[in-house]
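Comments concern the structure below.
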Amino acid sequence: MWRSSSSHASEDDKDNNILGFLDHIFSWTLKNVLNENLYRNKVNKIPETFKSPKEYKNSFITPLLEETHSDLYSNLLGVSRAPFCHVLKIERDSTQFKLPKDLFYRIKVKSITDELAKDFGKYEPEAGDLIAFTDMKPKRVDDLNTNKCPYNVAYVVGSKDEFSGEILVMSSKLMIEFDFTKTNNQKLYAVNLMNLTTNVRIWKALNSQLEGEHLNIIKNVLQPGLNGGECCQICSSRSNSQASFIEKDIIVAQNLNESQAEAVSSCVSLINCCHANTKLIWGPPGTGKTKTVACLLFSLLKLKTRTLTCAPTNTAVLQVATRLHSIVMDSLEHDTYGLADIVLFGNSKRMKLASHSGLEDIFLDIRVNNLMQCFAPLTGWKHTLESMMQFLKDPRKAYFSELGHQSLKEYVLEKNSYVYRAYQQTNGDDDPMTFEEYVQNFWKDIAEKYQSDVVDNSESSLTLEQFVKKSFRELREKLKFLIQTLYTHLPKSFISVEIVKKMFRALELLRSIGISLHQSKFKETFDDCEKESIPACFEPSSIEIDEFLRILSLLSSSILLPELNGRSHIEKFCLSNACLVLCTVSSSIKLYTEGMTPVKFLVIDEAAQLKECESTVPLQLPGLQHCILIGDERQLPALVKSKIADNCGFGRSMFERLVMLGYKKHMLNVQYRMHPSINMFPCKEFYDERISDAPVVMEQSYNKSFLEGKMYSSYSFINIAKSKEKLGRGHSMKNMVEAAVICEIIKNLRKEFMRTYKKVSIGIISPYNAQVHEIQEKVKQFTSVSDTDFSVSVRSVDGFQGGEEDIIIISTVRSNQSGKVGFLSNIQRTNVAMTRARYCLWILGNATTLMNSDSIWKNIVLDAKRRDCYHNVDEDKKLGRVIDDVLFELELVEESESSFKKLSLCEITERTATSTRPMKLRGPSMKLVNHLRGVRSLREDVEELL
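For the sequence shown, full-length UniProt numbering assigns the number 1 to the initial residue and increments by one for each residue that follows.
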């Protein structure tokens, strides 16, 4: 084991397993990284079946290295855009530095300036980052390998220490310790190349030495038979009346359809089985997959079956968590009591948790922060209870104690000792008098002085009335927060329903007493300061105060908080006691903490999007007996950057592999998202006509019209015969004509929205990133962040998987004579793009190109023609004019950029002077055209521009 002395070191990095992974990365020279074929002859095809768990895990190791290498290679090519920061200081970590490999250093960094941040973003190394050290701001790859600073990368072990500001890193090479703040001549930069967190976790899972029960599920899926996925025959005869009751109750309450109900029932029935078993739930687009998963989890929660639910992305996890939270909240009888049995964890910033209302009640970091306030020995639950009880019993004592004086006698002794001396001198035997009586006689003389000193000595100059109201308000808010925290975040096994009811009564009394105190009036008299008046609600005779004190005493003795020291112990406490745990697949490595309560059920959502090697992280959890995979292998698989790794099957999911082997999968077969005319083609082409339309999408209200004309009906293919494709940024394709048409359509939709103010969401999808960027730039003028009723989202197909909008516009981009469409022909990508719309799907493309491609798009065009959903773009005259304008502008740009020297000045002048088309060019082309128009002598300007 190698450990960091930093309190912020990631748990993932405290294991010897990752050193082997880092050894590979650190061994790559810059030449190695830039060699695309480094692993070409080392990566073997991943088989469909395996002889042993060892063979299974080993088959993914080399492809994982190749994928990491490819990702690093890609990022190095774009290093000029990589975020970076200044390194202020670097020194060895004396506790861990050990030659030849353990090269641990502590660095201090300074975020880049706000001016540079506009281009690069402020960067601060985070745990898992792979950074490169360089003596200059890199503009190209060679800048990472100079004579003064040869290529050197480092792995960030932990995030910045909040006290020292230092960051622990492990370097690939020996480095010179240096304080760059003492000289202006030397500079060092840390450039972010990539984050290795997920790959590190996968590596650890593949190289773990676990045996026995830890491999139950993996053994079960190595060579599954054709009857895989069926219920265990040994245990199928057993019954569980409780499970049966809960299933029926939940199925009816949540209005599940037959296929959803059967999926939930068959999964819950696994509780009766003591053998390892794996089930596949097939969820095509819009079939209520998330709802089904949430109902399954709710059933397992009711049966108190400890379950881990994970997904490849934060987005997918949040979708399930949101739906589950909604179902659970509807079922709770006592506010949020019971939510402690559910915990969601991950990076709150990446999850954008703030935009998901309610999930803060189940989020681990927030739960731990709140419980830490309860467990604090000097300011927590016990202390607050005692403070409130003492205050209510004697608010005057609390007042004087606040001032540092327990009584008037102490005040007189401290501030007016002469009064006490006078008392001693005058109090003779003939006329005995108590000190209090003596003070009463002198009260009129010292009252003003006493009151003045009390005010002077009080931090906030409070009178008794002000003090009582202020103190009660502060104690009330603190106690209210602690009570709500305990019944929300403490497991139900620690607080019974009866105690929770007492808590609610305490909150009612707190509110009532507060109202009474607010309405009470204090007597402004000092006739008897020791017995100065307090409000009636605080008198011993108060029934409410008496009841409240009894409840507080009961809560103090009934709620026994565990003795937990530090944040990590409270985290483990929350995770161990939760019934349902939700996180990303790779983050589930957190549950391998020693002493963690075993997990019985594993549910993986979007399982077809998950590389099989990544699923090995949760599949080896101790105690795991059953695994439920939910997904759709006919949509997009996991993204693999390396062609070498992709060709060997590295991106294949366990879901897809089991389906290929004949593993039975239960299909959800009723779709609730798409208008029937949108669903018609995907249902036939991708799902063998096995999906039916739910009644809700067949109602007349689902026939929504957003623009006039048959072209803008629920489903249409819009042919743009005159479009042109060209290479854009990053060797990606774009089509300016399609982008302009889409911009005009969005403009018209915006006008219609301003007329009707009917809420509408629009999604624009393109397979090419260059086209996505082009459209984003064009349509942003019609969108506003504050206008949530008219939203426009422009993303790639991959970015839209799992999403849905009212209107979807697809830009196919490709337009050529040869029918080349590239990866546009990918059936899974096409499936995703065509199944995101609710009410309208409009597909833009060059029909001739798509027909000649002999791909799935040929079928789409032919289907549109058969169904009379095929339209030429010039059916809309406005769009026809837009296309003519764009083509004219493009022609001018091409002439000015490629063949301007061959074109005579006279011809240019004549052409631009007689044109009636508005010019909408930008940059140098715009400047050129503006010069050409209406200018008699252009030679000098043209030469300057050239």
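Every residue gets a Cβ at the ideal spot worked out from N, C-alpha and C, and that includes glycine. Keep in mind it's a predicted model, so treat the numbers as computed, not measured.
MET654 carries a helical assignment under DSSP once its states are collapsed to helix, strand and coil. For VAL468, the enclosing alpha helix (DSSP H) has its first and last residue at 464 to 489.
Taken in chain order, the unbroken stretches of alpha helix (DSSP H) that lie wholly in the segment 722 to 776 and span 4 residues or more are 736 to 756. The way I'd put it, the segment 252 to 262 doesn't touch the segment 640 to 652; fewer than three beta-carbon pairs between them come closer than 8 Å. Within the DSSP secondary-structure output, ARG795 pairs in a beta bridge with ILE765. Note on ARG673: 16 or more other CB atoms within 10 angstroms of its CB, so buried under the neighbour-count rule.
In the DSSP assignment, ALA311 falls within the unbroken beta strand (DSSP E) covering 307 to 311. Relative to the Cα of GLU708, the nearest Cα in the group ASP854, GLU563, GLN671, ASP876 belongs to ASP876. Between TYR487 and THR379, the C-beta gap is not smaller than 9 Å, which leaves the two residues out of contact.
Going by beta carbons, PHE686 and PRO767 fall outside the 9 Å limit. For the options ASN719, MET329, PHE782, GLU891, the alpha carbon positioned closest to that of ASN748 is the one of PHE782. In this structure MET170 touches TYR155 by the C-beta definition: roughly 5 Å separates them, less than 8 Å. Distance check between SER80 and each of VAL141, LYS42, LYS57 places VAL141 closest, using alpha-carbon atoms only. Secondary structure at TRP282: strand, using DSSP grouped into helix, strand and coil. With 16 or more other Cβ atoms inside 10 Å of its own Cβ, LYS160 counts as buried.
Sequence-distant Cβ neighbours of THR290 in its own chain, meaning closer than 8 Å and more than five residues away, are GLN319, VAL320, ARG323, ASP605. Around the Cβ of PRO695, a 10 Å sphere holds fewer than 16 other Cβ atoms; the residue is exposed. Along the segment 538 to 618, the beta strand (DSSP E) occurs as fully enclosed runs of 3 or more residues at 580 to 584, 601 to 604, listed in sequence order.
Beta-bridge partners of CYS627 (DSSP): THR278, LEU602. Per DSSP, THR134 is one residue of the beta strand (DSSP E) stretching across 129 to 134. By the C-beta density criterion, ASN277 is buried, having at least 16 other C-beta atoms within 10 angstroms. Out of ILE746, LEU575, GLU752, the CA that lies nearest to the CA of ILE362 is found in LEU575. According to the DSSP secondary-structure assignment, SER714 is paired through a beta bridge with no residue. Listed in chain order, the non-local C-beta contacts of LEU610 below 7 Å within the same chain comprise PRO312, VAL585, ILE604, ALA638, SER653, local neighbours out to five positions each way being set aside. The alpha-carbon of ILE883 is positioned some 19 Å away from that of LEU850.
Per the DSSP secondary-structure output, VAL169 pairs in a beta bridge with TYR105, VAL156.
Put simply, the segment 92 to 103 does not touch the segment 677 to 693. Fewer than three CB pairs are less than 8 Å apart. Looking at the DSSP output, MET194 bridges to LEU130. Closest option to GLY165, judged by alpha-carbon separation, among PRO125, LYS204, LEU144, LYS139: PRO125.
Note that the C-beta distance between THR181 and LYS302 is not below 9 Å.
Collapsing the DSSP output to three states places LEU303 in coil. In this structure, the alpha-carbon of TYR757 lies about 58 Å from that of ASN145. Between the segment 728 to 741 and the segment 768 to 777 there are three or more inter-stretch CB-CB distances shorter than 8 Å, so the stretches are counted as touching. Counting the other CB atoms within 10 Å of its CB gives ALA205 a total of 16 or more, which places it among the buried residues. When secondary structure is reduced to three states using DSSP, ASN145 falls in the coil class, being assigned neither helix nor strand. Taken atom to atom, the span from the alpha-carbon of VAL797 to that of LEU552 is near 58 Å.
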